[in-house]
Every structure is written in structure tokens, then in C-alpha cells.
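Numbering (the working numbering), first residue to last: 13 to 210. Every residue gets a Cβ at the ideal spot worked out from N, C-alpha and C, and that includes glycine. Treat the numbers as computed from the prediction; the structure is a model and nothing was measured. Have a look at the structure below, then the notes.
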Amino acid sequence: MANKIEISVVISAYNQEKYIGRCLRSLINQTIEFSKFEIILINDGSTDRTLFAAELFCDPKDSKIKIINNKMNIGLPASLNKGINISKGKYIVRIDSDDWVSSDFLNLLYQFLENNNYMDAVACDYNLVDKNEKVIERKNCFLDPIACGIMFKKKDLLDIGLYDETFHCNEERDLRIRFDKKFKIYRLELPLYRYRKH
Numbered sequence: 013m014a015n016k017i018e019i020s021v022v023i024s025a026y027n028q029e030k031y032i033g034r035c036l037r038s039l040i041n042q043t044i045e046f047s048k049f050e051i052i053l054i055n056d057g058s059t060d061r062t063l064f065a066a067e068l069f070c071d072p073k074d075s076k077i078k079i080i081n082n083k084m085n086i087g088l089p090a091s092l093n094k095g096i097n098i099s100k101g102k103y104i105v106r107i108d109s110d111d112w113v114s115s116d117f118l119n120l121l122y123q124f125l126e127n128n129n130y131m132d133a134v135a136c137d138y139n140l141v142d143k144n145e146k147v148i149e150r151k152n153c154f155l156d157p158i159a160c161g162i163m164f165k166k167k168d169l170l171d172i173g174l175y176d177e178t179f180h181c182n183e184e185r186d187l188r189i190r191f192d193k194k195f196k197i198y199r200l201e202l203p204l205y206r207y208r209k210h
């Protein structure tokens, strides 16, 4: 019997042909069992070769990556909501299309939540990296919060109504404000996420 999908990784990409491969490669090489997670990539009306670059990582017979191709650009919050709504996992984690993660990223966040029932969500620290992928500095995810690298329970995101699609920026700040009213995000003090500074 196949393992149940536990984690859904949601990525929205717009004109990221240069970086999407690095992002997907880091997810395909996770230490957690391959059957326990899915990758949902929303190509949000890209006008470059993002779709082509992403499809290079898809096995035509049995792809780990599900690509949703928006014919036109609908924006980040709407694309993320689309991905969350079709996801099969108990847990949701968002990754930006120009970032990448350590090989233990999914496994450690998943184990943290699975073994601590009182926890609603967990965020990990991250390394800020430059265009050459050199680490600039390590960041505390509570002192310098970012939208990504947080594993949520899907039911809690649905409970607060997902992302507000009227936001064109700071959509993650709004989500966290609403999330923090009912739930709590815990910190995993390991820099498992790579946040690219442009």
C-alpha cells in the first residue's frame, strides 16, 4: 500500500526560469520518503521559459511535481490559494520559486509537528544568500520573518480563510496576523531555508 501524502509543498512562480530548477532540485533530494510529499507548482502566467524549466523535472509517467499552468497572471495570493485548495497533504509549506532548502528541511519540520501535538505550525531559521549562492548571514525567523519556510496544518489555514487575494504585497504579513490570533508558530533553530537576496 502506498504511503499517504503528508506534506504539500506549494510554489508559485512568475518568470523564474533562471532559478526554478535550483528550487525543484532541492525538493526532489529531500531525506523524507518520496511518497510522503507532493510538490504543487503554479506557473502564474510566466512569459519566459519557467514552464519549460520546470517540466524538465517531471517524469511523464509518475511525476512528483504537479504543475498548474495559469493562462494569465492572477497574482501570488490567488495562485497560492489555488495550490493549497488542491493539495492532498495534512501539512502545507510554501517555498518561493527563487529559493531552495536543505535536504532535511521537510523531514525536520514534519517530525517537529508530528511529535508535538500542541504545536500549530513551525518555522525554521534561514540563510540569506547572494546571487552566487554565497551565505551573507544567518537569520532568526522570528526576528526577521519571511513568508516561506513555515509548515502549517492545512486545516488551520482553511480555518483562517487562506491568503487574502486582494493583497498585492505583504500577503504573508496579513496571513500571519490572522493566524496568530488563533494559533501559534513555533521556531526550529536550524537554518534549513535559503532565501535569495536580489
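Check, Outcome
"How far does the beta strand (DSSP E) with serine 20 in it extend, from its first residue to its last?", "19 to 25"
"Please state whether the Cβ-Cβ distance between tyrosine 31 and aspartate 110 is less than 9 Å.", "yes"
"Tell me whether the beta-carbon of isoleucine 12 lies closer than 9 Å to the beta-carbon of glutamate 50.", "Residue coverage of the chain in this structure runs from 13 to 210, which leaves residue 12 outside it and unanswerable."
"Looking only at DSSP bridge pairs, what is glutamate 67 linked to?", "Per DSSP, none; premise fails for glutamate 67."
"Quick one: Cα of lysine 78 to Cα of lysine 166, how far?", "18 Å"
"Count the other CB atoms within 10 Å of the CB of lysine 83; is the residue buried (16 or more) or exposed (fewer)?", "exposed"
"Fully enclosed by the stretch 80 to 131, which alpha helix (DSSP H) runs are 4 residues long or longer?", "88 to 98 and 117 to 126"
"Is it buried or exposed, aspartate 192, if we count other Cβ atoms within 10 angstroms and call 16 or more buried?", "exposed"
"Can you say whether arginine 206 is buried or exposed, counting buried as having 16 or more other CB atoms within 10 angstroms of its CB?", "buried"
"Check whether the stretch 174 to 190 touches the stretch 85 to 92, taking contact to mean three or more Cβ pairs, one atom from each stretch, closer than 8 Å.", "yes"
"Here's a check: name, in chain order, each residue in its chain whose Cβ is nearer than 7 Å to the Cβ of phenylalanine 46, leaving out the five neighbours to either side.", "Lys76"
"Can you name the start and end residues of the beta strand (DSSP E) that phenylalanine 179 belongs to?", "Careful: phenylalanine 179 lies outside any beta strand (DSSP E) and carries neither H nor E."
"For lysine 94, does the count of other Cβ atoms within 10 angstroms reach 16, so buried, or fall short, so exposed?", "buried"
"Grouping DSSP H, G and I as helix and E and B as strand, with all else coil, what is leucine 155?", "coil"
"Per DSSP, what kind of secondary structure is methionine 13 in: helix, strand or coil?", "Any reading at methionine 13 needs caution, since the residue's pLDDT is 45, under 50, leaving its predicted position unreliable; the model's value is listed next. Coil."
"Could you tell me the distance, in whole angstroms, from the CA atom of glutamate 150 to the CA atom of isoleucine 197?", "For the sequence presented, residue 150 should be read as arginine rather than glutamate. Approximately 19 Å, taken between the alpha carbons."
"Tell me where the beta strand (DSSP E) around arginine 34 begins and ends.", "Per DSSP, arginine 34 belongs to no beta strand (DSSP E); it is in the alpha helix (DSSP H), 32 to 40."
"Rounded C-beta distance between alanine 135 and isoleucine 162? I'm assuming under 8 Å.", "4 Å"
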